[in-house]
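Participant:
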Amino acid sequence: MQDTTREIRLASALVAAADTLDEGFEAPRYLQRVSDHCVELLDAWAAGVMLIDGGRSVSLAASSRHEDVALELLAAQRGGGPCVDSYGSGRPVPPVSIRVAHASARWPDFTERALRHDIVTTYAVPLRRHDTLFGALNVFVPTLPDDTPAEVAPEVHLAQALADAAALGLQNRRTCDQYRTLSGQLQEALSSRVRIEQAKGVLAERWAIRPDQAFVALRQYARRHRLPLDRVASAVIEGVADDAELRRELDVSADGPA
820 MQDTTREIRL ASALVAAADT LDEGFEAPRY LQRVSDHCVE LLDAWAAGVM
870 LIDGGRSVSL AASSRHEDVA LELLAAQRGG GPCVDSYGSG RPVPPVSIRV
920 AHASARWPDF TERALRHDIV TTYAVPLRRH DTLFGALNVF VPTLPDDTPA
970 EVAPEVHLAQ ALADAAALGL QNRRTCDQYR TLSGQLQEAL SSRVRIEQAK
1020 GVLAERWAIR PDQAFVALRQ YARRHRLPLD RVASAVIEGV ADDAELRREL
1070 DVSADGPA
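Under this note's numbering, the letters of the sequence shown match residues 820 to 1077, in that order.
#1: From Asp1031, Arg992, Ser1002 and Glu1024, pick the residue whose C-alpha is nearest to that of Tyr849; which is it?
#2: By Cβ distance below 8 Å, which residues in the same chain neighbour Ile1015 in space, the five residues on each side in sequence not counted?
#3: Assuming Val1021 is part of the alpha helix (DSSP H), what are its boundary residues?
#4: Could you tell me which residues DSSP puts in a beta bridge with Gly867?
#5: Bridge partners for Ser916 per DSSP, in chain order?
#6: Contact check, Gly954 vs Leu870 under 8 Å by CB: the rounded distance?
#7: Whole angstroms are fine: how far does the CA of Leu946 sit from the CA of Asp983?
#8: With a cut-off of 8 Å, do at least 3 Cβ pairs link the region 907 to 925 to the region 877 to 886?
#9: If contacts are defined as beta-carbon pairs under 8 Å, then Gln896 and Phe929 qualify, I think. What distance do you get, rounded to the angstrom?
#10: Thinking just about the alpha-carbon of each residue, which of Tyr906, Ser916, Leu963 and Ala924 is nearest to the one in Arg948?
#11: On the CB-based measure, 16 or more other CB atoms within 10 Å of its CB, does Cys902 come out buried or exposed?
#12: Where does Leu934 sit, in a helix, a strand or coil, going by DSSP?
#13: Out of curiosity, what's the CA-to-CA distance linking Ala863 and Gly1003?
#14: Run through DSSP, which three-state label would Pro945 get?
#15: Please return the same chain residues whose Cβ sits closer than 6 Å to the Cβ of Val919, not counting the five positions on each side in sequence.
#16: Which same chain residues, not among the five before or five after Pro1076, have their C-beta less than 6 Å away from its C-beta?
#17: So, at 6 Å on beta carbons, what are the nonlocal neighbours of Leu1081 in its own chain, with the 5 sequence-adjacent residues on each side left out?
#18: What residue range is occupied by the uninterrupted alpha helix (DSSP H) comprising Phe1034?
#19: Under three-state DSSP, which class holds Gln963?
#20: On the DSSP bridge assignment, give the partners of Leu952 in chain order.
#21: Give me the Cα-Cα distance between Glu974 and Ala846, rounded to the nearest whole angstrom.
#22: Is Cys857 buried or exposed, if buried means 16 or more other CB atoms sit within 10 Å of its CB?
#23: Which of the three DSSP states is assigned to Ala1077 in this structure?
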């Protein structure tokens, strides 16, 4: 029954980690929830996520439990640590004793700080989706690592599953944001084109000329005054454009190049 309950909690955590498309999405809160699930499912002391872009840390998030300490330990890894190593290799860093790592001068700044807070063991797994690496998930444990080979350690596999789900969620969010940005740009381009066509029609009717002639006047005016064509078109539609100056552009274009 206990295993079944844990499986249900894991399934729930994986679904939550992959769900990033709601309107109220906030990356720091989302990554904290992922870290909280990790602490709960792995009976860890604390956990945290380091997002990395271009080889440098760009964002840190930690579990609600011992959040301040976890953030400190993540920040201490800018000079080297399990997160940086896991991200660099794209592979898990298996459970390692902090005292052993400190004695061998592995990650000196990180291990020094971890010892101050009585951290016993740590390990990390990459946040990856196919060939895309987003960062790493770091777990802090209050007990020494056992003799289980790293490649079959169940806690590492479980942490990797959570990290993979989080990477999927982050990639989905990134793709969604890119499409929204593109959609906004296309909508603005369409709206701009509609305004320009409206302005052409306004001037063509007012001056009794062809729409293409009205467009020449709009374009010439925008170039001369170094203004976006869409801004000039909006001024015409709103009735605040200098009609006489616009008309002079038409006369100039009729006489030849300005």
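Note that the Cβ used here is the ideal one computed from N, Cα and C, for glycine as well.
Facilitator: On the basis of the supplied data:
#1: Arg992
#2: Phe1034, Leu1037, Leu1048, Asp1049 and Ala1052
#3: Pro973 to Trp1026
#4: Ala881 and Asn957
#5: Thr940
#6: 4 Å
#7: 6 Å
#8: no
#9: 5 Å
#10: Tyr906
#11: buried
#12: helix
#13: 43 Å
#14: strand
#15: none
#16: Note that Pro1076 scores a pLDDT of 46, beneath 50, so its modelled location is shaky; the value from the coordinates is reported in the next line. Closer than 6 Å at Cβ, skipping near neighbours: no residue.
#17: There is no way to answer for residue 1081, as the model of the chain reaches only from 820 to 1077.
#18: Pro1030 to Arg1043
#19: This sequence places Leu at residue 963; Gln is not what is there. In the structure shown, Leu963 sits in coil (DSSP, three-state: anything other than H, G, I, E or B).
#20: Arg947
#21: 25 Å
#22: buried
#23: Reliability of the predicted coordinates at Ala1077 is poor, the pLDDT of 41 falling under 50, and the value obtained from them is presented with this limitation in mind. Looking at Ala1077 - three-state DSSP - the assignment turns out to be coil, as it is neither helix nor strand.
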